[in-house]
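Numbering (this note's numbering), first residue to last: 18 to 582.
We put the CB at the ideal spot given by N, CA and C, even for glycine.
This structure is a prediction, so every number in the text was calculated from the model and none was measured.
Working notes, beginning with the structure itself.
Listed below in structure tokens is the structure:
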């Protein structure tokens, strides 16, 4: 019943959010019908072209051939992009190698066409990070066979980086160099000098999602800061597709840093925080059934956090050391009901939204054969559900919990649980209403884990961490606009008028701070590159606080890069 409802909702949302489909379908049952050629100008129009294609009539036909085409950064057939500078960029750029895209596909030559696996292959390619967009189009239909063309458009990935971020009255800067697609193989490397209100230092990282079978990920990172250093690693073969049968991975980190507590903008404590963390797991899944997949994971976690070297200027207590090691078991259920839209969280790119449920539960417990300084039960829960209502409404809900039951204290400690919902009203292709509501609560939280409310948590008219405690409520409403203007064919633009409200408070009474509900109004610009790092959306926001005005500046501004609009 739910799968049928999801299918109906998928069709309804597609009919509206991707309206304008021309219904391209098989037109020649006998003989051959060429549909897309390598020079077809429609290949550069990803959102429009992707809307126009319906693979349904070709379901089950034998895939005769799969071609892979990497489009250049700039479309030289477009007079606006055919100039010396843009042509030079195309020549200097090393294109993504076709074999890198090919080995990520879930469809194969000689097999019957499975439309669901074809669309899932598109989603995998779009999530690679080094392509602006990706799609699969029908190249040629001959009798009972079909040839496909996999199309991805490159972005400029080797570039110096210089960024400035201001949020909640605090500044952050970064200068460096990065390449998200080394020699066209899909690997990334980053070297930068970063500085924020807490620390500054050198950061070096490497990541590849295409080792061995094309789906195994390796991540390495090192940071040397003025208050410590951090090393982390990751090696994982995930459940990369809906019907992937097994997964395995290991990851860890060793992090030393100075922790500062500053409720209400006043520093009350400073001390060192040293954390060592390692986690390993294996997973297996049953074949999908009733439009959903069930997955199991077995793992083990080691987590040791020690505090010390307190600044002698402060006498407030520091958190106690904590070491916990435990095996765990996890169960996940995920529905497969994706739709493709645009101008939701990105600008003028295909976006994949799962109109269905996803939930995960993990339970672990300490035991005698793994050293821990306490007997405890650890539970992680996460639930996501997205529903499309009619033709203009999208509701995305999420609930999560990180619970730590301490057997000696007979209570939950450092436990956080909450609920959030995002509602989007689609006025038309370029205009949206967006609303967010988040409610969080904690139990017996250490000083470095308290819930905060301020400029770093979408209360843009206030300094970062202006309020803190074990309870928090946040509400944001935005009127969003996506501009058709493509500035120099390099940048996409958007804007948002917003109202923020919220509050963080401490039910234990241990924190002395403003107890008012915070509220602000403001306006923001959004800038997104269509030729480099398209998932980085630059936010420039101006906000005016409406409450607590006597204690904060009458005007706040922030500049930061985020992954969404």
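Contact between the segment 358-375 and the segment 320-337 is not established, with fewer than three Cβ pairs separated by less than 8 angstroms. Of all alpha-carbon atoms in 131, 123, 105 and 89, the one lying nearest the alpha-carbon of residue 73 is that of 131. Nearest to residue 88 by alpha-carbon distance, out of 70, 75 and 110, is 110. Linking residue 294 to residue 78 through their CA atoms gives a straight-line distance of about 49 angstroms. Looking only at 100, 283 and 276, the smallest Cα-Cα distance to residue 505 is reached by 100. Considering only 384, 392, 371 and 68, the residue with the shortest C-alpha distance to residue 403 is 371.
Beyond the five residues adjoining it in sequence on each side, residue 328 comes within less than 6 angstroms, by CB distance, of 287 in the same chain, given in chain order. For residue 132, the enclosing alpha helix (DSSP H) has its first and last residue at 132-143. According to the DSSP assignment, residue 270 belongs to no alpha helix (DSSP H) but to the beta strand (DSSP E) extending over 263-278. Per the DSSP secondary-structure output, residue 55 pairs with nothing in a beta bridge. Contact between the segment 108-124 and the segment 215-224 is absent, with fewer than three C-beta pairs closer than 8 angstroms. Between the segment 337-355 and the segment 380-391, the count of Cβ pairs shorter than 8 angstroms is three or higher; the stretches touch. Per DSSP, reduced to three states, the secondary structure at residue 473 is helical. The beta carbon of residue 461 sits closer than 6 angstroms to the beta carbons of 430 from its chain, once the five residues preceding and following it are set aside; these are given in chain order.
When DSSP reads this structure, residue 178 sits in a beta bridge with 193.
The bridge partners DSSP lists for residue 82 are 164.
In this structure, DSSP gives residue 77 a state outside helix and strand, which the three-state scheme calls coil.
In this structure, DSSP gives residue 508 an extended state, which the three-state scheme calls strand. Take the alpha-carbon of residue 351 and the one of residue 417: they are about 16 angstroms apart. Taken in chain order, the unbroken stretches of beta strand (DSSP E) that lie wholly in the segment 432-482 and span 3 residues or more are 432-445, 448-460 and 468-470.
DSSP places residue 395 in no alpha helix (DSSP H) but in the uninterrupted beta strand (DSSP E) bounded by 393-406.
Spatial neighbours of residue 275 in its own chain (CB-CB distance under 8 angstroms, excluding positions within 5 residues in sequence) are listed in chain order as 215, 216, 244, 245, 287, 288, 289 and 290. The beta carbons of residue 434 and residue 458 sit about 6 angstroms from each other, so the pair counts as a contact at 8 angstroms.
Between the segment 300-315 and the segment 489-502, the count of C-beta pairs closer than 8 angstroms stays below three; the two stretches do not touch. Judged by pairs of C-beta atoms under 8 angstroms, the segment 468-483 does not touch the segment 417-426, as fewer than three such pairs exist. Residue 106 sits in a helix when the DSSP states are folded into three classes.
Residue 219 carries a strand assignment under DSSP once its states are collapsed to helix, strand and coil. Counting along the chain, the unbroken alpha helix (DSSP H) around residue 116 starts and ends at 115-119. DSSP, reduced to helix, strand and coil, places residue 283 outside both helices and strands of the structure shown, so it counts as coil.
The beta carbon of residue 265 is closer than 6 angstroms to those of 254 and 299 in its chain, skipping five residues each way along the sequence. In the three-state reduction of the DSSP assignment, residue 529 falls in the coil class, being assigned neither a helical nor a strand state. The Cβ neighbour count for residue 353, taken over all protein chains shown within 10 Å, is at least 16; the residue is labelled buried. Shown here for residue 250: same chain residues with a beta carbon closer than 7 angstroms to its own, the five before and five after excluded, namely 236, 237, 268 and 269 in chain order.
Between the C-alpha atoms of residue 425 and residue 436 there is a straight-line separation of about 29 angstroms. Cβ-Cβ distances below 6 angstroms link residue 263 to 301 in the same chain, with the five nearest sequence neighbours on each side left out; the list follows chain order.
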